[in-house]
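Oh and the sequence shown: position 257 is 275 in this note's numbering, straight run, nothing missing. Backbone N, C-alpha and C define an ideal beta-carbon position, used for all residues, glycine too. Here the structure is a predicted model, which means the values were calculated and not measured. Before any comments, here is the structure.
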Amino acid sequence: MDRSNRYGMSRRGFCLCCIGAGALGTNGWLTPREAFAEARGIVSLIKDSAATSQIVTHRLRNNVSVLEGSGGNVAVLTGPDGMVLIDAGIGVSQPQMAKALAGLGADPVTHLINTHWHFDHTDGNTWLHEAGAKIIAHKNTRKYLTEVQRVEEWDYNFLPLPPGGIPSDVFATERNLKLNGLSIDLKHYGPAHTDSDISVAFGEADILHVADTFWNGVYPFIDYSTGGSIDGMITASDANLAMATDKTIIIPGHGKPVSNKAELKEFRDMLVAIRENVAALKKQGHSKAEAVAAKPTAAFDPKFGNFVIDPGFFTRLVYEGV
Ligand SMILES: [Zn+2]
Numbered sequence: 019m020d021r022s023n024r025y026g027m028s029r030r031g032f033c034l035c036c037i038g039a040g041a042l043g044t045n046g047w048l049t050p051r052e053a054f055a056e057a058r059g060i061v062s063l064i065k066d067s068a069a070t071s072q073i074v075t076h077r078l079r080n081n082v083s084v085l086e087g088s089g090g091n092v093a094v095l096t097g098p099d100g101m102v103l104i105d106a107g108i109g110v111s112q113p114q115m116a117k118a119l120a121g122l123g124a125d126p127v128t129h130l131i132n133t134h135w136h137f138d139h140t141d142g143n144t145w146l147h148e149a150g151a152k153i154i155a156h157k158n159t160r161k162y163l164t165e166v167q168r169v170e171e172w173d174y175n176f177l178p179l180p181p182g183g184i185p186s187d188v189f190a191t192e193r194n195l196k197l198n199g200l201s202i203d204l205k206h207y208g209p210a211h212t213d214s215d216i217s218v219a220f221g222e223a224d225i226l227h228v229a230d231t232f233w234n235g236v237y238p239f240i241d242y243s244t245g246g247s248i249d250g251m252i253t254a255s256d257a258n259l260a261m262a263t264d265k266t267i268i269i270p271g272h273g274k275p276v277s278n279k280a281e282l283k284e285f286r287d288m289l290v291a292i293r294e295n296v297a298a299l300k301k302q303g304h305s306k307a308e309a310v311a312a313k314p315t316a317a318f319d320p321k322f323g324n325f326v327i328d329p330g331f332f333t334r335l336v337y338e339g340v
């Protein structure tokens, strides 16, 4: 498959999470040297694509919208206290992002909340800080953004953000804000997709941004290099279900950006079923390659297997954690 076309055609946005899929054949890992070259190339492709991707605006309710098309799904709350952004997208999308924000109103950007440290959620931090945003995040997000961050699976080193892009206001467990008339509750998940993930609940609007603990309709990436695990993903999914009602609008980190409890439940049940299948194979003594060959995800592939985390890659991720 021509990778540049594959990445160029998608309008769901990109994730550093996706790099692994491109660096993998169906038969196994590339050598570290090859993977390094591949990962570098794919980061460039992601940036190149983000530079030209259109941003699609989805208006929700209570002045909350979602912007789709620059990395993870970005939520925006507008009002007299200034714009509050949940995640920053990719830096090279700045012109399209600025245009999309202008389309939501003339308020300056005053607050940016990072849901976790990954590149496709924080790369835009620097320009948004320069535009006036105070950056709030979990303390592990700040830690990871201030160090060279090595993701072993890609044999790739992400450099620290410039000082202005580093969150200046961090917390450990929970943080409650009141902005533009809405209660905004930030809550750390514990180890999930990484160990820096937080949920963001817009109380009176009944809107919940669940970061990369939920990939709507597609297999998720799990970042073991910074504390993620399949069991943590399941625990986070249960926490998300407990926070939501049938009326709650749920914003996933990736995938179709306006979601609901029924889709979240389907995602959670998929994680549980595949975890059980893969754990059984591992317990029987099967190697990672044999587990992939046994296709433990088959029942879910038509629905979830059509994005960059393909069935084999997802099986490997689950195998690592059971
Ligand atoms: Zn992520």
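- Excluding the 5 residues flanking it on each side, Pro314 has same chain C-beta neighbours closer than 7 Å at Ile292, Asn295, Val296, Leu299 and Thr333, in chain order.
- Going by C-alpha positions, Gly90 is about 25 Å away from Tyr337.
- In terms of Cβ geometry, Ser255 and Arg286 form a close pair [threshold 8 Å].
- Around Glu165, the same chain offers Pro178 as residues with beta carbons nearer than 8 Å, after the five sequence neighbours per side are excluded.
- Contact annotation, Gly235 with Phe318: C-beta distance approximately 11 Å; criterion of less than 8 Å not satisfied.
- By the neighbour-count criterion, in which a residue is buried when 16 or more other Cβ atoms sit within 10 angstroms of its Cβ, Glu86 is buried.
- In the three-state reduction of the DSSP assignment, Phe331 falls in the helix class.
- Between the beta-carbon of His227 and that of Ile104 there is about 5 Å, and that keeps the pair under the 8 Å contact cut.
- Remark: the shortest separation between the CB of Phe176 and any heavy atom of ligand 1 does not fall under 7 Å.
- The residues Trp135, Ser214 and Thr244, in chain order, have a CB closer than 7 Å to that of Tyr162 in the same chain once the five nearest residues on each side in sequence are set aside.
- CA-to-CA, the gap between Ser217 and Ala155 works out to about 11 Å.
- For Trp233, the pairing in a beta bridge is given by DSSP as His272.
- Taking non-hydrogen atoms of ligand 1 into account, the C-beta of Asp230 is found less than 7 Å away from one of them.
- Residue state for Glu148 is assigned as helix, using DSSP reduced to three classes.
- Ranking Phe232, Ile252, Phe239 and Asn132 by CA distance to the CA of Ile269 puts Phe232 first.
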